[in-house]
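Respectively, the protein sequence lines represent chains E and F. Take UniProt numbering: the final residue in the first sequence is number 287, and no numbers are missing along the way. Take UniProt numbering: the final residue in the second sequence is number 424, and no numbers are missing along the way. Glycine residues also receive a C-beta, built at the ideal position from the N, C-alpha and C atoms. To start, the structure itself, in structure tokens.
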Amino acid sequence: MIVQKSPYPYWFVMPAAVVFSVLFLAPTLASLWFSLTRWDLFSAQFIGLENYRQFLREPFLIQGLINTVIYAFATSATKSVFGLLLAVLLTSGIWAQGFLRAVIFFPVLVSTIGVGITFSVLMHPTNGVINVALSAIGIPGPGWLTDPALALYSIILVDFWKGLGLATLIYIAGLASISPDYYEAARIDGATRTQMFFRVTVPLVRPATVTVVTLSLIGGLRSFDLIWAMTRGGPGFSSDVLASVIYKQYQAGFYGLSTAGNVILFLLIGLIILPMTAWFNRKEVDL
Amino acid sequence: MRMTMRTTLASVLVALMASAAHADVTLSVLLDTNSETTALFEALSKSYQQKRPDVSFDVESRPGGSEGDNLVKTRLATGEMADIFQYNSGSLFQALKPERTLADLSGLGNAGNVTDIFRKVVTAPDGTLRGIPFGPAMGGGIFYNRKIYADLGLQVPKTWAEFMANNAKIKAAGKVAIAQTYGDTWTSQLFVLADFYNVSTALPDFATKYTANQVKYATTPVALRGFEHIEEVAKAGLFNPDFGAARFGDGMRMVATGQAAHFPMLTFGIGNVSQNNPEALPDLGFFAQPGDDATKNGLTIWMPSALYAPAKSENAAEAKKFLDWAASREACEQMAAAVPSGPYLIKDCSLPKSIPQAVSDMLPYFETAGRTAPALEFLSPIKGPALEQITVEVGSGIRSARDAAALYDQDVQKQAKQLGLPNW
Numbered sequence: 001m002i003v004q005k006s007p008y009p010y011w012f013v014m015p016a017a018v019v020f021s022v023l024f025l026a027p028t029l030a031s032l033w034f035s036l037t038r039w040d041l042f043s044a045q046f047i048g049l050e051n052y053r054q055f056l057r058e059p060f061l062i063q064g065l066i067n068t069v070i071y072a073f074a075t076s077a078t079k080s081v082f083g084l085l086l087a088v089l090l091t092s093g094i095w096a097q098g099f100l101r102a103v104i105f106f107p108v109l110v111s112t113i114g115v116g117i118t119f120s121v122l123m124h125p126t127n128g129v130i131n132v133a134l135s136a137i138g139i140p141g142p143g144w145l146t147d148p149a150l151a152l153y154s155i156i157l158v159d160f161w162k163g164l165g166l167a168t169l170i171y172i173a174g175l176a177s178i179s180p181d182y183y184e185a186a187r188i189d190g191a192t193r194t195q196m197f198f199r200v201t202v203p204l205v206r207p208a209t210v211t212v213v214t215l216s217l218i219g220g221l222r223s224f225d226l227i228w229a230m231t232r233g234g235p236g237f238s239s240d241v242l243a244s245v246i247y248k249q250y251q252a253g254f255y256g257l258s259t260a261g262n263v264i265l266f267l268l269i270g271l272i273i274l275p276m277t278a279w280f281n282r283k284e285v286d287l
Numbered sequence: 001m002r003m004t005m006r007t008t009l010a011s012v013l014v015a016l017m018a019s020a021a022h023a024d025v026t027l028s029v030l031l032d033t034n035s036e037t038t039a040l041f042e043a044l045s046k047s048y049q050q051k052r053p054d055v056s057f058d059v060e061s062r063p064g065g066s067e068g069d070n071l072v073k074t075r076l077a078t079g080e081m082a083d084i085f086q087y088n089s090g091s092l093f094q095a096l097k098p099e100r101t102l103a104d105l106s107g108l109g110n111a112g113n114v115t116d117i118f119r120k121v122v123t124a125p126d127g128t129l130r131g132i133p134f135g136p137a138m139g140g141g142i143f144y145n146r147k148i149y150a151d152l153g154l155q156v157p158k159t160w161a162e163f164m165a166n167n168a169k170i171k172a173a174g175k176v177a178i179a180q181t182y183g184d185t186w187t188s189q190l191f192v193l194a195d196f197y198n199v200s201t202a203l204p205d206f207a208t209k210y211t212a213n214q215v216k217y218a219t220t221p222v223a224l225r226g227f228e229h230i231e232e233v234a235k236a237g238l239f240n241p242d243f244g245a246a247r248f249g250d251g252m253r254m255v256a257t258g259q260a261a262h263f264p265m266l267t268f269g270i271g272n273v274s275q276n277n278p279e280a281l282p283d284l285g286f287f288a289q290p291g292d293d294a295t296k297n298g299l300t301i302w303m304p305s306a307l308y309a310p311a312k313s314e315n316a317a318e319a320k321k322f323l324d325w326a327a328s329r330e331a332c333e334q335m336a337a338a339v340p341s342g343p344y345l346i347k348d349c350s351l352p353k354s355i356p357q358a359v360s361d362m363l364p365y366f367e368t369a370g371r372t373a374p375a376l377e378f379l380s381p382i383k384g385p386a387l388e389q390i391t392v393e394v395g396s397g398i399r400s401a402r403d404a405a406a407l408y409d410q411d412v413q414k415q416a417k418q419l420g421l422p423n424w
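Dropping the structure here:
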């Protein structure tokens with residue numbers, strides 16, 4: 001057996017290894033330890049798995065988990081479907097294409113907190129622009145962020161608006177890499193535009209789809225800033241997600257408990273994303 | 001013993017004066033962003049600088065609420081606390097582990113000026129004083145609009161039933177009876193927290209038993225009343241239409257200017273009105289949250305926050321001198337003149353002659369023994385962090401009062417366990 005020797009000496013990797021272990025490895029291990037303690041920043045007392053038991057018993061946790069999954073899948077699905085459609089439109093050579101691309105991408109550049117605060121003003125139940133405009137044409141606007149049945153979906157809508165630009169951009173790059181030969185061949189064979197979209201574009205743009213779905217799922221699962229800026233998980237607990245439940249434990253000074261919550265979030269993301277990427281990658285090989 | 005203390009103190013003073021003559025001192029100060037806090041500290045620092053022109057203050061502000069709690073704890077734990085900082089008294093103070101993290105102030109010359117009622121809420125478990133009162137005591141109750149009351153010929157209610165009858169008349173007159181501001185979730189807790197006078201008059205040992213895990217909100221009818229009150233007023237449709245999104249400032253403006261008749265709140269809201277709608281101050285009245293018995297009508301009170309010094313800081317000696325002065329009657333009256341929104345807790349410290357109407361409405365409760373009771377958070381270290389979300393749920397019709405109380409009982413378990421209380 002031949003042991004393949006790296007062409008570089010070990011000290012080459014030292015700087016990266018030091019940075020990685022100090023900034024990533026050590027905190028990760030420390031958080032595993034602190035998740036097993038009752039920690040008040042001044043002292044930590046080992047209590048075994050009590051924090052995990054407590055966190056999983058949180059009455060708002062189940063609602064938060066369901067909301068997290070709804071949020072992640074809804075934003076991911078809408079972004080990938082509308083992102084692809086917009087990308088097709090914006091690569092079709094329509095008028096002012098460059099300008100429109102910039103307009104679509106613009107919300108991505110704005111700070112999430114800024115977007116959240118702006119939309120919570122726009123969605124104010126009585127003074128917000130949206131409901132004032134609706135009432136001007138005789139429609140009584142709902143309490144976008146104050147109706148417990150609606151709050152989560154209003155935030156999803158804003159997240160979709162804000163993240164659509166990035167999905168579109170990735171799809172535009174994906175579309176650009178499809179060779180025009182395929183379309184030419186399809187046209188010679190007499191394919192319609194719809195057929196070309198479903199039989200040529202969708203399968204060949206798959207790498208972009210994988211990127212968009214994975215990124216937006218991870219983003220959705222750990223989303224926090226927009227929700228916090230818009231509703232703080234309210235009214236009550238109706239728009240709480242896993243990350244906001246964790247943050248509230250931290251705010252209340254339950255540092256060990258919130259660390260345990262973070263470990264659970266880490267495991268949950270792993271459990272959803274790992275099989276999914278494995279599945280995507282296998283399909284790619286089969287193609 | 002006394003002699004030695006005096007001599008050491010004297011030598012410290014001499015040493016300090018010598019150093020003060022050489023260099024000016026800048027004390028770093030950490031305050032929350034409340035407008036009353038800023039006004040109080042300005043009054044305090046300005047008059048101190050007249051005595052000690054060599055001292056200047058570098059004031060830094062921090063968020064309030066639980067974000068502020070974290071910041072204070074983190075800075076204390078990492079040894080990066082300002083020379084002087086302002087923070088809550090009572091159970092939040094205890095959570096700072098005062099005997100380890102804060103400077104002992106019991107040796108200050110003016111320490112004896114701190115009134116007994118306040119001393120209790122800034123004393124570390126080892127029996128030493130760690131904080132100086134900063135600001136007026138507050139009442140938790142209901143602000144009302146005096147104009148609306150006069151126009152409709154209403155009387156200040158002494159029982160909850162009278163209060164609801166007033167609400168019905170106000171609603172019939174086409175006005176908003178109760179302002180609610182769930183855009184700031186903490187404002188939703190008042191009907192529960194301000195009901196504690198009524199709980200403690202009915203069950204004097206509720207707080208002790210509560211801390212010992214022997215009584216619960218859900219199974220104690222008189223404690224459950226607070227949650228039921230929210231449910232009742234919500235079901236009666238008495239709120240402003242934007243109650244889910246309105247903020248604390250909106251609530252104060254509404255009740256002061258007559259857009260709403262009532263707003264349950266702590267009296268520190270007076271400061272907000274005197275800053276934003278001073279012309280409306282005479283119309284702003286205040287009464288205690290009524291219970292079921294008119295003969296037992298009284299006010300739930302909140303202690304003000306305190307000024308503290310960390311156990312270790314660069315300017316520890318100068319910081320203590322400032323705190324000593326802050327505990328003097330003279331300094332207290334400077335604060336009382338700047339923010340006359342309630343009684344001060346330094347002995348013989350008097351309020352200025354002209355005070356807002358709502359403050360005069362509140363003072364009688366303090367003048368009769370037994371008509372005030374401290375809020376639960378000053379008697380028990382347990383306060384569940386999710387109460388404000390739970391009360392929002394009740395007020396928004398998401399959860400019933402009984403369920404809410406049971407959920408809150410579950411929520412406080414975490415706090416009790418984190419504090420390591422026995423019996424939980």
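At least one CB of chain E closer than 8 Å to the CB of residue i: is that the case?
| i | result |
| --- | --- |
| F/Asn70 | yes |
| F/Lys97 | yes |
| F/Ser396 | yes |
| F/Thr220 | no |
| F/Leu299 | no |
| F/Ser66 | yes |
| F/Lys414 | yes |
| F/Thr181 | no |
| F/Lys312 | no |
| residue 432 of chain F | As displayed, chain F neither begins before 1 nor continues past 424, which places residue 432 of chain F out of reach and without an answer. |
| F/Ala77 | yes |
| F/Leu40 | no |
Helix, strand or coil: how does DSSP classify residue i here?
| i | result |
| --- | --- |
| F/Trp160 | helix |
| F/Trp424 | coil |
| F/Tyr144 | strand |
| F/Val55 | strand |
| F/His22 | A caution first: F/His22 carries a pLDDT of 47, below 50, which makes its placement in the model unreliable, though a value can still be read off. Of the three classes helix, strand and coil, the one that applies to F/His22 here is helix, per DSSP. |
| E/Ala124 | Per the sequence shown, residue 124 of chain E should be read as His rather than Ala. Coil at E/His124, not helix or strand. |
| E/Arg38 | strand |
| F/Leu419 | coil |
| F/Ala236 | coil |
| F/Leu281 | helix |
| E/Gln45 | strand |
| F/Glu60 | strand |
| E/Val13 | coil |
Answer with yes or no whether the minimum CB distance from residue i to chain F is below 8 Å.
| i | result |
| --- | --- |
| E/Trp11 | no |
| E/Pro142 | no |
| E/Asp40 | yes |
| E/Gly236 | yes |
| E/Ala16 | no |
| E/Gln251 | yes |
| E/Leu257 | yes |
| E/Pro27 | no |
| E/Thr37 | no |
| E/Thr126 | yes |
| E/Leu242 | no |
| E/Phe254 | yes |
Between residue i and residue j, how many whole angstroms is the CB-CB distance? I'm expecting something under 8 Å.
| i | j | result |
| --- | --- | --- |
| F/Asp83 | F/Glu279 | Going by Cβ atoms, the distance from F/Asp83 to F/Glu279 rounds to 39 Å, so no, they are not a contact pair. |
| E/Ala229 | E/Ile117 | 6 Å |
| F/Met254 | F/Asn276 | Actually they are not in contact, since the Cβ atoms of F/Met254 and F/Asn276 sit about 12 Å apart, beyond 8 Å. |
Residues from the region 226-247 of chain F in contact with chain E, defined by Cβ distance under 7 Å: Pro241, Asp242, Gly244 and Ala245
Residues within the region 44-63 of chain E neighbouring chain F, beta-carbon criterion of under 7 Å: Gln54 and Pro59
Length-filtered (4 minimum) alpha helix (DSSP H) runs lying within the region 130-211 of chain E: 151-176, 180-188 and 193-196
Alpha helix (DSSP H) segments (min. 4 residues) lying fully within the region 80-152 of chain F: 91-94, 98-101, 116-119 and 146-152
Residues, ordered as in the chain, of the region 91-124 of chain F that lie near chain E by beta-carbon distance below 8 Å: Ala95, Lys97, Arg100 and Thr101
Residues of the region 368-401 of chain F with Cβ closer than 8 Å to any Cβ of chain E, in chain order: The residues in question are Pro385, Ala386, Gln389, Ile390, Val392, Glu393, Ser396, Ile398 and Arg399.
Interface positions of the region 146-166 of chain E facing chain F (Cβ-Cβ less than 7 Å), listed along the chain: Thr146 and Pro148
3 or more residues per run - each beta strand (DSSP E) lying fully within the region 354-393 of chain F: 372-374
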